[in-house]
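Student:
Number of protein chains: 2
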Amino acid sequence: MKNSQLYKGSLNTIIMKLLEENGRMYGYEITQKVKLITAGELNITEGALYPALHKLEADGFLDVEVEKVDNRLRKYYKLTENGQKETVNRLAELEEFIRNMQNLVNPAPKPDLQF
Amino acid sequence: MKNSQLYKGSLNTIIMKLLEENGRMYGYEITQKVKLITAGELNITEGALYPALHKLEADGFLDVEVEKVDNRLRKYYKLTENGQKETVNRLAELEEFIRNMQNLVNPAPKPDLQF
DNA sequence: ATGTATACATAATTTTCTTATGCATAATAG
DNA sequence: CTATTATGCATAAGAAAATTATGTATACAT
Chain A
1 MKNSQLYKGS LNTIIMKLLE ENGRMYGYEI TQKVKLITAG ELNITEGALY
51 PALHKLEADG FLDVEVEKVD NRLRKYYKLT ENGQKETVNR LAELEEFIRN
101 MQNLVNPAPK PDLQF
Chain B
1 MKNSQLYKGS LNTIIMKLLE ENGRMYGYEI TQKVKLITAG ELNITEGALY
51 PALHKLEADG FLDVEVEKVD NRLRKYYKLT ENGQKETVNR LAELEEFIRN
101 MQNLVNPAPK PDLQF
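Protein sequence lines correspond, in order, to chains A and B.
Residues 1 to 115, numbered by full-length UniProt numbering, are exactly what the first sequence covers, in order.
Residues 1 to 115, numbered by full-length UniProt numbering, are exactly what the second sequence covers, in order.
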């Protein structure tokens, strides 16, 4: 993840959003998609990604299907019904988060008391 | 911080931005300001805040001045010269981060191939 | 042959936060 | 008048989420 620690805590939401959008994806595909969308800014490391996927699966938010493509293993993940519901919540939280951070960076101008 | 872990990693940037904007602030004041700006959404806990302030000071980004107001102790923090430079970088990173997250949540629509 | 890309995985460590305390003064509510 | 809330600082134990460093394996390009 480059050098910015701001992305900490957002990985699960990113994964779930991408799966909501694309139906099903495998791990490596997710890393490449994120790299593309963020213009190379965000590089998800395997050490973060795979444990995150396993945990989301263990929590019942993801289902997995193993396939062999070109003699290489792929684990396709997709949202469960429960995962879809959870994704809605997480995306709402993310939008709230972004709004709050924008208010912090770019605070509403103080009312102009000059009159 | 409520229940959302999205704020992980953003505390230092928040502190530095507020100090840049307000000149100098003390810890408790920072928690109240953040609560206000985020409409109660983000409650910075003391267990997170004070260690963060101490670390920023140790890193040479903050200076501290102790004052007694109403017989109560206050530690006013302000950005050092180095801290001001660092704040510029961190805010740029934050804006980049927000842009990237928005691109993930709200991806550019696929070109309409219907013609 | 060597490196890069694809594809998964885990272990050790670090960073960052939560939760739980602790101390102390001032103001408010019962 | 006493208990709670607000103000103000601090730290320690533990959890959560990441980084860094490995490890395995196939395919392709130099």
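We put the CB at the ideal spot given by N, CA and C, even for glycine.
Going by the beta-carbon positions, is the gap between residue 116(B) and arginine 90(B) smaller than 7 Å?
Tutor: This structure does not reach residue 116(B), given that chain B is present from 1 up to 115, and the question cannot be answered.
Student: Does tyrosine 77(B) pass the burial test, meaning 16 or more other C-beta atoms within 10 Å, or should it be called exposed?
Tutor: buried
Student: For the alpha helix (DSSP H) containing lysine 85(A), list its first residue and its last residue.
Tutor: If you look at lysine 85(A), you'll find it in the alpha helix (DSSP H) that goes 81-105.
Student: Based on Cα-Cα distance, which residue from Tyr7(A), Tyr50(A), Met16(A), Lys17(A) lies nearest to tyrosine 28(A)?
Tutor: Tyr50(A)
Student: Run through DSSP, which three-state label would leucine 19(B) get?
Tutor: helix
Student: Among residues of its own chain, excluding the 5 on either side of arginine 24(A), which ones have a beta-carbon nearer than 8 Å to its beta-carbon?
Tutor: Result list for arginine 24(A): Glu65, Tyr76, Tyr77, Lys78, in chain order.
Student: Report the CB separation of glutamate 86(A) from methionine 16(A) in whole angstroms; it is logged as a contact under 8 Å.
Tutor: 7 Å
Student: Give me the Cα-Cα distance between phenylalanine 61(B) and alanine 108(A), rounded to the nearest whole angstrom.
Tutor: 26 Å
Student: Do you know offhand how far serine 4(A)'s Cα is from glycine 47(B)'s?
Tutor: Whole-angstrom Cα-Cα distance: 22 Å.
Student: Please check if any C-beta of chain A sits within less than 7 Å of the C-beta of glutamate 86(B).
Tutor: no
Student: Listed from N- to C-terminal order along the chain, which residues in the segment 85-105 of chain B have their beta-carbon within a distance smaller than 9 Å of any beta-carbon of chain A?
Tutor: Arg90, Leu91, Glu93, Leu94, Glu95, Glu96, Phe97, Ile98, Arg99, Asn100, Met101, Gln102, Asn103, Leu104, Val105
Student: Taking leucine 42(B) as the query, report the chain A residues whose CB atoms sit under 8 Å from its CB, ordered along the chain.
Tutor: Asn100
Student: Report the rounded CA-to-CA distance for asparagine 103(A) versus arginine 72(B), giving the unit in angstroms.
Tutor: 31 Å
Student: Of all the CB atoms in chain A, is at least one closer than 7 Å to the CB of glycine 9(B)?
Tutor: Under the Cβ criterion of 7 Å, glycine 9(B) is counted among the residues facing chain A.
Student: Label leucine 94(A) either buried or exposed according to how many other C-beta atoms from any shown protein chain fall within 10 Å of its C-beta, with 16 as the threshold for buried.
Tutor: buried
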